[in-house]
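Below is one structure, written out as structure tokens; the observations come after it.
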Amino acid sequence: MADASSSTRGDLRIVNVTKSFGDFTAVDDLTLTIPEGSFFALLGPSGCGKTTTLRMVAGLEEPTQGSIHIGTTDITHSRPYQRPVNTVFQNYALFPHLSIYENIAFGLRRRGIKDVKEAVDKILNLVELPHLAQRKPLQLSGGQQQRIALARAIVNRPALLLLDEPLGALDLKLRRQMQIELKWIQTEVGITFVHVTHDQEEAMTMADTIAVMNEGKVEQMGTPADLYDNPKTAFVANFLGQSNLIEGRIEGNDGDNHVVDVFGQKIKINKNRSHAKDSSVLAGIRPEKIRIQPAGTAMSGNVLTGGVISDASYIGVSTQYQIEMPWKQELMVFEQNDDGVPPLEKGDPVTLSWEPVFTFALDGREDAFAGSEVHADEE
Amino acid sequence: MRITWWFRKNLIRVYMVLGFTYLFIPVAYTFAFSFNNGGKSNLVWKGFTLGNWQNPCGAPDVCLALGNSIRVGLISTVAATFLGTLIAFALGRHQFKGRSTTNTLIFLPMATPEVVLGASLLAMFLNLGINPGFWPVVIAHVMFCISFVVVTVKARIASLDPRLEQAAMDLYANEFQTFRKVTLPLVAPGIAGAALLAFSLSFDDFIITNFNSGTLTTFPKFVYVASARGIPPQANVIGSAMFFLALFIVIAGQLVSRRKAR
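Given below as structure tokens:
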């Protein structure tokens with residue numbers, strides 16, 4: 001019998017794991033270390049291999065190759081019930097024939113613990129639903145079922161809690177609330193949470209570290225701010241928020257900066273944020289970092305002139321502009337409505353500028369739209 | 001004008017009443033004539049009596065036949081439900097070579113005419129040197145009940161979310177505990193339904209039984225034989241009692257499942 005409370009503790013290490021279903025490779029030579037006690041998110045579009053990875057950690061799938069460890073224990077081939085791992089399933093998978101109390105007590109009883117009342121009551125208080133103990137799962141709302149699923153898992157004090165799109169079935173408002181609550185509970189219980197989601201906002205709100213997955217591989221791993229400000233690939237730049245990616249060529253260096261020519265205009269990109277393989281680059285800038293002024297205004301930093309507003313939508317806190325550039329590319333600009341100046345209008349000629357530190361550079365051979373379509377589909 | 005309007009509004013109800021009348025007239029007739037003071041022949045109404053209900057075994061051999069039917073039914077039900085449930089789990093939960101063929105073959109006994117089944121079984125038993133009687137009837141009943149059990153239980157298994165079993169395993173239940181604590185309780189209503197179906201099929205069967213029973217009398221056989229000289233009202237009493245028992249089980253089942261869901 002697995003002893004979830006003591007022996008197996010430590011980082012989760014996934015080492016060179018590959019999982020194939022017939023000809024299809026769901027997870028491709030994945031290596032990942034998830035530190036003990038962290039809130040870790042596996043983020044990616046559907047079919048990127050994140051759920052398969054989770055199921056291999058849970059023991060519901062067996063890796064074709066590679067190994068999985070918790071601390072020093074190899075759990076690659078142990079049965080699901082032998083692992084100090086519990087899962088919050090996507091549709092909760094609460095046992096419909098058992099009361100809420102018995103659902104939560106299920107794992108404790110299977111491990112031979114006789115006196116479960118104290119632990120169950122405590123966890124019901126933690127999720128603030130002690131009054132529902134004697135109900136059946138189908139009598140609960142979606143949000144309540146979600147909390148019970150969480151309670152049923154963490155009452156076992158696993159080394160690792162896996163969450164498979166746990167908030168996917170909830171409406172937006174409830175999802176926001178649960179995001180904050182999940183983060184709070186994780187801090188409270190101190191268990192390592194591994195959270196699988198396709199929702200970038202959800203991942204960024206909760207996780208300390210995010211691994212962005214695409215086609216069975218990790219594209220990039222880091223803190224939310226890292227990934228957002230310094231994406232290494234076009235997929236990450238587009239999947240996490242939105243990016244303007246402009247083709248350019250490195251012409252030379254100026255101190256810590258590359259000088260990049262974009263369609264005849266010069267901009268600077270900090271070398272720390274350059275992931276270029278040679279002189280051909282995609283210069284990246286987030287829409288909210290760009291300032292927009294009527295054409296002719298003198299501006300500092302990286303400046304691009306010759307744009308014309310092709311679309312402007314006022315959405316309260318900000319105005320979103322589409323700017324058509326002389327090289328026929330549409331750039332996005334989000335401008336805060338905080339200066340009392342009426343928004344610019346469609347057809348206005350404009351100049352764009354931003355601080356050079358906000359620019360990042362990607363390998364010029366990348367598909368500038370990678371990751372943007374999948375994102376639109378999922379939302 | 002007002003009558004056509006009323007009809008238009010209530011057409012569906014009128015239709016329903018007619019439909020149920022059609023369905024229940026034979027049952028009502030059987031029930032009514034169980035109170036007939038008709039003696040041995042129960043063809044014409046000769047006056048009301050409770051005597052038949054007070055003494056349902058009053059007609060010669062009727063309760064002997066009933067006892068045989070219940071024994072055959074119970075043994076066949078237990079055997080067919082057990083075997084059929086195992087087959088249903090194999091078909092519904094596992095991938096193996098010949099699975100789809102098995103799926104088709106399971107339907108075959110349901111589609112074969114009973115007369116043919118009965119006659120072939122008799123020929124087979126005689127060739128094997130087994131004389132018609134109690135056990136050949138049981139074997140025949142188990143055979144044709146299994147298909148119905150498999151179909152019923154398999155439908156229930158198909159509607160079961162596999163994630164529930166995965167969740168159980170995730171919560172430290174091994175394969176056997178998962179089956180006992182999660183799978184079986186959730187499939188149980190299907191198994192119970194299959195058992196009821198098997199029993200009523202077995203209890204009801206005349207054709208296959210008639211071929212293979214030899215001197216053994218079952219309740220349907222008794223009624224068939226008796227019909228030549230007039231069915232005793234005790235047969236109506238037993239028939240009505242079976243009907244009400246079945247009705248009671250169905251209603252009780254509904255109430256229990258509704259209580260559980262709440």
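Residue numbers (the UniProt record's numbering), protein chains in the order written: chain A, 1 to 379; chain B, 1 to 262. Every residue gets a Cβ at the ideal spot worked out from N, C-alpha and C, and that includes glycine.
Residue environment for residue 159 of chain B: exposed (fewer than 16 other C-beta atoms within 10 angstroms of its C-beta). Beta-bridge partners of residue 48 of chain B (DSSP): B:36. Of the residues A:224, A:361 and A:162, the one whose Cα lies closest to the Cα of residue 262 of chain A is A:361. Annotation: residue 93 of chain B is outside any beta strand (DSSP E); the continuous alpha helix (DSSP H) that includes it extends over 62 to 93. Those residues of the segment 184 to 198 of chain A placed with their C-beta closer than 8 Å to a C-beta in chain B do not exist.
The beta carbon of residue 214 of chain A does not come within 8 Å of any beta carbon belonging to chain B, so the residue lies off that interface.
Closest in C-alpha terms to residue 206 of chain B, from the list B:194, B:179 and B:118, comes B:118.
Residue 257 of chain B is classed as exposed because its beta carbon has fewer than 16 other beta carbons within 10 Å across all chains shown. Collapsing the DSSP output to three states places residue 349 of chain A in a strand.
Per DSSP, residue 38 of chain A lies in no beta strand (DSSP E) and is assigned neither H nor E.
The C-alpha of residue 333 of chain A lies about 14 Å from the C-alpha of residue 294 of chain A. Neighbours of residue 107 of chain A in chain B, taken as residues whose beta carbon is under 7 Å from its own, are 171 and 172 in chain order.
Residue pairing by DSSP puts residue 354 of chain A in a beta bridge opposite A:302.
DSSP places residue 223 of chain A outside any alpha helix (DSSP H), giving it a letter other than H or E. DSSP, reduced to helix, strand and coil, places residue 69 of chain A within a strand of the structure shown. Proximity of chain B to residue 80 of chain A at the Cβ level (cut-off 8 Å) is accounted for by 166, 169 and 170, in chain order. Judged by DSSP secondary structure, residue 167 of chain B falls within the alpha helix (DSSP H) whose first and last residues are 162 to 170. By the neighbour-count criterion, in which 16 or more other beta carbons inside 10 Å mark a residue as buried, residue 221 of chain A falls on the buried side. Residue 191 of chain B is positioned such that its CB atom lies closer than 8 Å to that of residue 153 of chain B. The Cβ of residue 186 of chain B sits closer than 8 Å to at least one Cβ of chain A. Within the model, the alpha-carbon separation for residue 268 of chain A versus residue 199 of chain A is close to 32 Å. Ranked by how close their Cα comes to the Cα of residue 136 of chain A, the residues A:120, A:124 and A:103 have A:103 in first place. The segment 322 to 341 of chain A makes no contact with the segment 186 to 204 of chain A, as fewer than three CB pairs between them are under 8 Å. Nearest CB-CB separation between residue 177 of chain B and chain A: below the 8 Å threshold. By the 16-neighbour rule on beta-carbons within 10 angstroms, residue 81 of chain A is buried.
Straight-line spacing of the CA atoms in residue 227 of chain A and residue 100 of chain B works out to 50 Å. Residue 91 of chain A belongs to the set of residues whose beta carbon lies under 8 Å from a beta carbon in chain B. A direct Cα-to-Cα measurement between residue 182 of chain A and residue 30 of chain A gives close to 27 Å.
Per DSSP, the continuous beta strand (DSSP E) segment holding residue 321 of chain A begins and ends at 318 to 324. Looking at the DSSP output, residue 332 of chain A sits in a beta bridge with A:322.
If the five residues before and after residue 130 of chain A are omitted, its C-beta is found closer than 7 Å to the C-beta atoms of 121 and 124, all from its own chain and listed in chain order.
Inclusion of residue 157 of chain A and residue 172 of chain B in the CB contact set at 8 Å is not warranted, their separation being larger than that value. Here the alpha carbons of residue 255 of chain B and residue 163 of chain A stand approximately 37 Å from one another. Of all alpha-carbon atoms in A:73, A:190 and A:232, the one lying nearest the alpha-carbon of residue 14 of chain A is that of A:73. Of all C-beta pairs linking the segment 60 to 71 of chain A to the segment 234 to 242 of chain A, fewer than three are shorter than 8 Å, placing the two stretches out of contact. Within the segment 161 to 179 of chain A, the residues whose Cβ lies closer than 9 Å to any Cβ of chain B are, in chain order, 162.
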